[in-house]
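Just below is one structure, and these are the notes that go with it.
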Amino acid sequence: MSRGRETVYDTIRMRIVSGEVQPGGHLAEAQISEELGVSRSPVRAALHRLAEEGLVRLEAHRGAFASAYTRADIEEVFELRRMLEGRAASLAALNRTSDHVARSEVLVQEMGKIVDAHSDSRRQELHDNNRGFHELILSAANSPRLFQIVKTLTQTSVTPGTFFYYSEEDLTRSLRFHTDIHQAIADRRSETAEELMSLHLRYARDLFVDKHFA
Numbered sequence: 002m003s004r005g006r007e008t009v010y011d012t013i014r015m016r017i018v019s020g021e022v023q024p025g026g027h028l029a030e031a032q033i034s035e036e037l038g039v040s041r042s043p044v045r046a047a048l049h050r051l052a053e054e055g056l057v058r059l060e061a062h063r064g065a066f067a068s069a070y071t072r073a074d075i076e077e078v079f080e081l082r083r084m085l086e087g088r089a090a091s092l093a094a095l096n097r098t099s100d101h102v103a104r105s106e107v108l109v110q111e112m113g114k115i116v117d118a119h120s121d122s123r124r125q126e127l128h129d130n131n132r133g134f135h136e137l138i139l140s141a142a143n144s145p146r147l148f149q150i151v152k153t154l155t156q157t158s159v160t161p162g163t164f165f166y167y168s169e170e171d172l173t174r175s176l177r178f179h180t181d182i183h184q185a186i187a188d189r190r191s192e193t194a195e196e197l198m199s200l201h202l203r204y205a206r207d208l209f210v211d212k213h214f215a
């Protein structure tokens with residue numbers, strides 16, 4: 002995909018995961034094309050790509066809409082992630098290399114700097130670092146099938162963008178979880194790493210449900 006098309010894709014995706022476009026919201030191809038100053042072709046391509054990822058729903062003769070989700074959808078995805086990523090954290094503690102630990106430490110430190118900056122404009126950066134942290138753990142687990150299954154789950158419309166709804170207190174607690182998970186894996190404490198990851202994702206699930214279904 003060309004750089005221009007990638008930018009269009011990133012812009013639309015950001016609008017969805019940040020909540021700017023609400024679940025069920027219409028994504029008008031012509032309007033987006035005009036706003037971004039591009040032809041309708043890259044917009045159409047981006048919408049189809051997002052539909053493949055589960056973020057967009059395409060309806061014949063009606064157009065594209067941000068995917069809606071139910072409380073049951075959210076709870077199911079987070080529960081699956083909790084079980085699978087808990088297992089991944091346990092395996093990572095057993096199989097990780099010094100390089101995994103070093104890269105994990107950098108990501109945690111970067112997340113700490115962003116949280117301390119109290120800058121809403123850096124939420125996307127925090128989201129990207131968080132994704133990198135979780136993917137690094139999956140890589141360290143050395144289980145390609147597990148990696149692919151979890152990656153499919155995290156690409157659904159339910160889980161991306163969680164940080165955009167966090168308060169400062171929520172961000173601080175999330176950072177603490179990441180720090181503790183990193184340390185447990187570095188120390189090869191597999192049971193602790195699994196327990197912490199499970200608690201982390203349960204907390205994230207509860208926050209997400211509270212924000213959307215309070």
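Going by my numbering, the first residue of the sequence shown is number 2, and it counts up by one from there. Backbone N, C-alpha and C fix where the C-beta goes; we use that ideal spot for every residue, glycine too. Predicted model only: the values in this text are computed from it and were never measured.
- Query: How big is the Cα-Cα spacing for H62 and H179?
  - Reply: 45 Å
- Task: Give the DSSP-derived three-state secondary structure of L137 in the structure shown.
- Result: helix
- In whole angstroms, what is the alpha-carbon distance linking A89 and F134? 12 Å
- Item | CB contact flag (R72, L202, <8 Å) | no
- Item | Which listed residue (L37, G64, V39 and T98) has its alpha carbon closest to that of L48 | G64
- Message: I need the straight-line Cα distance from N131 to L108, nearest angstrom please.
- Response: 8 Å
- Message: Strictly by DSSP, which residues pair up with A65?
- Response: L28 and L59
- Message: Please identify the residue among Q149, H213, A67 and L137 whose C-alpha is closest to the C-alpha of Y166.
- Response: H213
- Message: Buried or exposed, going by whether 16 or more other CB atoms sit within 10 Å of the CB of A103?
- Response: exposed
- Task: May I ask you to report which of helix, strand or coil DSSP gives H49?
- Result: helix
- Query: What is the rounded straight-line gap between the Cα of I75 and the Cα of V210?
  - Reply: 7 Å
- Query: Which residues in the same chain have their Cβ closer than 6 Å to the Cβ of M2, if we skip the five residues on either side of it in sequence?
  - Reply: In this prediction, M2 scores a pLDDT of 45, lower than 50, which makes its location untrustworthy; the coordinate-derived value is nonetheless stated afterwards. Closer than 6 Å at Cβ, skipping near neighbours: no residue.
- Under a Cβ-count criterion, where at least 16 other Cβ atoms within 10 Å of its own Cβ denotes burial, should S168 be classed as buried or exposed? exposed
- Item | Presumed contact (8 Å Cβ cut-off) between R189 and L95, rounded CB distance | 7 Å
- Buried/exposed call for E7, threshold 16 Cβ in 10 Å: exposed
- Query: With E60 and R45 assumed to form a contact (beta carbons below 8 Å), what rounded beta-carbon distance in angstroms separates them?
  - Reply: 14 Å between Cβ atoms; not a contact.
- Message: For Q110 and R177, I'd like the C-alpha separation in whole angstroms.
- Response: 11 Å
- From D181, F66 and I17, pick the residue whose C-alpha is nearest to that of L28; which is it? F66
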